[in-house]
Amino acid sequence: MRSSRLLSILLLLQTRRQLTARELAEELEVSLRTIYRDVEALAAAGVPVYADQGRAGGYRLVEGYRTRLTGLTEQEAAALFLVGMPGAAAALGLTAETSAAELKLLAALAPDQRDRAGRLKNRFHLDLPAWYQDAENSPQLAAVADAVLHDRRVRVLYRRWEEPREVERLLEPYGLVLKNGSWYVVAATPGGLRTYRVSNILELTPTDEQFERADGFNLTQYWQEHLEGFDRTRLTADAVVKVSARLAGKMYDVSYPALVKAVAAAVAEPDGSVVVTVPIESVQNAAATLSRFGDALEVLEPQELRAELRELGRKLHDLYS
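Heads up, the sequence shown stops at 321 in full-length UniProt numbering, and the numbers go up one at a time, no gaps.
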């Protein structure tokens with residue numbers, strides 16, 4: 001514990017140049033007496049730390065003294081500040097570890113690079129949840145992350161869409177993925193690799209059983225293949241739609257990627273409208289999705305989707321008439 005605190009004092013002085021004993025005590029949540037003893041221990045170990053006297057004084061390191069992170073270049077350390085995810089780190093229970101790592105990264109930089117890293121950190125921010133959505137509450141996330149890190153099996157009670165809604169599963173968690181504010185765990189099961197939404201894990205019981213990962217497993221590659229397969233099974237049909245000139249001119253405001261892509265590649269009619277083909281999940285789902293465009297979009301095919309929209313319009317008319 002003390003060795004970790006001594007390293008923290010060293011890195012704090014290296015990154016902030018000068019700190020009083022009280023500032024160090026507040027930063028590390030220890031007493032002033034502890035800071036005095038720790039600074040004396042650093043000096044005895046050969047670290048060139050000294051105290052400036054007076055109201056503007058404090059502890060400093062001799063100019064030019066720096067400890068380094070072996071194998072990490074200044075450019076690599078600076079770039080890491082662009083991919084920081086404090087929200088994700090907090091959800092995983094790694095806030096303290098993230099702060100410690102950030103301090104070490106800052107200590108690895110020369111003064112001018114340290115200033116640049118500070119600008120990057122303060123001028124770029126990653127906000128993962130989509131608009132109009134909050135990040136999901138996943139009470140079991142920390143326990144899942146611990147199982148992932150230690151290759152340990154877990155028993156879970158999981159809520160799914162199909163009946164029976166609540167099922168028990170024995171999982172071998174391979175990795176965690178954060179997508180649009182939602183966490184997913186990729187886990188091995190008797191039926192092969194499966195993906196589970198962490199917020200749908202109602203109960204989790206750790207076990208003492210460890211498992212061996214399949215050779216060659218790559219989380220990034222698996223997730224990409226999973227997304228592609230999900231779209232293939234989800235988008236099973238096509239719809240031909242006519243997009244009015246009014247809507248076609250506002251595609252930058254439309255949150256429907258398939259429609260935006262199709263309109264961008266289409267050739268407009270003389271009146272400015274475009275006819276495009278878009279993949280759909282089901283007639284009912286497509287009707288709910290496309291109806292929000294009102295009379296700015298007309299479904300030409302299939303006829304079942306036109307009928308579903310007509311029935312939806314009738315119900316709305318009856319409800320509000």
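Ideal Cβ placement from N, Cα and C applies to all residues, glycine included.
Return the Cβ separation of residue i and residue j in integer angstroms, given the expectation that the two are a contact with Cβ distance under 8 Å.
i      : j      : result
Arg159 : Phe211 : Going by Cβ atoms, the distance from Arg159 to Phe211 rounds to 24 Å, so no, they are not a contact pair.
Gly192 : Glu136 : Not confirmed; about 25 Å, so no contact.
Val39  : Tyr59  : 6 Å
Val156 : Leu171 : 6 Å
Val267 : Val260 : Going by Cβ atoms, the distance from Val267 to Val260 rounds to 16 Å, so no, they are not a contact pair.
Leu141 : Val198 : 5 Å
Leu312 : Ser291 : 6 Å
Val49  : Ala43  : 6 Å
Using 9 Å as the threshold, is the C-beta distance between residue i and residue j below it?
i      : j      : result
Val283 : Val241 : no
Leu12  : Glu26  : no
Tyr196 : Tyr184 : yes
Ala45  : Ile35  : no
Val47  : Leu24  : no
Pro206 : Asp151 : no
Short of 7 Å in beta carbon distance, which residues of its chain neighbour residue i, apart from the five on each side in sequence? Order them along the chain.
i           : result
Ala41       : Leu6
Arg17       : Arg60
Ala286      : Ala239, Ile280, Leu305
Asp208      : none
residue 329 : There is simply no residue 329 to check, as the chain begins at 1 and stops at 321 in what is shown.
Arg213      : Asp151, Tyr174
Ala258      : Val278, Pro279
Leu235      : Pro279, Ile280, Glu281
Ser4        : none
Skipping 5 residues on each side, what residues in its chain have a beta carbon closer than 6 Å to that of residue i?
i      : result
Arg246 : Ala296
Glu301 : Val240
Thr189 : none
Ala237 : Ile280
Glu308 : Val283, Ala287
Ser138 : Trp183, Val198, Ser199
Leu32  : Ala21, Ala25
Leu219 : Gly175
Ser244 : Ser273, Ala296
Give me, in chain order, the residues of the same chain whose beta-carbon lies closer than 8 Å to that of residue i; leave out the 5 immediate sequence neighbours on both sides.
i      : result
Ala264 : Met251
Gly71  : Low local confidence applies: a pLDDT of 49 at Gly71 is under 50, so the model's placement there is unreliable, with the coordinate-based value given in what follows. Excluding positions up to five away in sequence, the list is empty.
Gln133 : Asn180, Gly181
Val148 : Pro173, Tyr174, Gly175, Leu176, Val185
Lys315 : none
Answer yes or no: the CB of residue i versus the heavy atoms of the ligand MG, is any distance below 8 Å?
i     : result
Ala44 : The ligand MG is absent from the structure shown, which contains no ligands of any kind.
Should residue i be flagged as near chain D, meaning a C-beta pair shorter than 9 Å?
i      : result
Leu297 : Considering every chain present, this structure includes no chain D. It has just one protein chain.
**Prompt:** Should the segment 271-278 be called in touch with the segment 216-231, which here means at least 3 C-beta pairs below 8 Å?
**Reply:** The answer is no - the segment 216-231 does not touch the segment 271-278, with fewer than three Cβ pairs under 8 Å.
**Prompt:** Which runs of the beta strand (DSSP E) fall wholly inside the segment 159-226 and span at least 3 residues, in chain order?
**Reply:** Taking 3 residues as the minimum length, the beta strand (DSSP E) runs contained wholly in the segment 159-226 are 166-179, 182-189, 192-197, 201-210, in order along the chain.
**Asked** Can you list, in chain order, the stretches of the beta strand (DSSP E) that have 3 or more residues and sit fully within the segment 30-62?
**Response** Within the segment 30-62, the runs of beta strand (DSSP E) that reach at least 3 residues and sit entirely inside it are, in chain order, 49-52, 58-61.
**Request:** Determine contact between the segment 199-209 and the segment 159-173, defined as no fewer than three beta-carbon pairs at a distance below 8 Å.
**Result:** Yes: at least three Cβ pairs fall under 8 Å.
**Request:** Check whether the segment 242-250 touches the segment 211-227, taking contact to mean three or more Cβ pairs, one atom from each stretch, closer than 8 Å.
**Result:** Short answer: they don't touch.
**Asked** Of all the beta strand (DSSP E) runs that stay within the bounds of the segment 227-288, which reach a length of 3 or more residues?
**Response** As for any beta strand (DSSP E) of minimum length 3 sitting wholly inside the segment 227-288, the runs are 237-243, 274-280, ordered along the chain.
**Request:** Go through the segment 290-316 residue by residue and report every complete run of the beta strand (DSSP E) that reaches 3 residues or more, in order.
**Result:** Segments of the beta strand (DSSP E) lying fully in the segment 290-316: 297-301.
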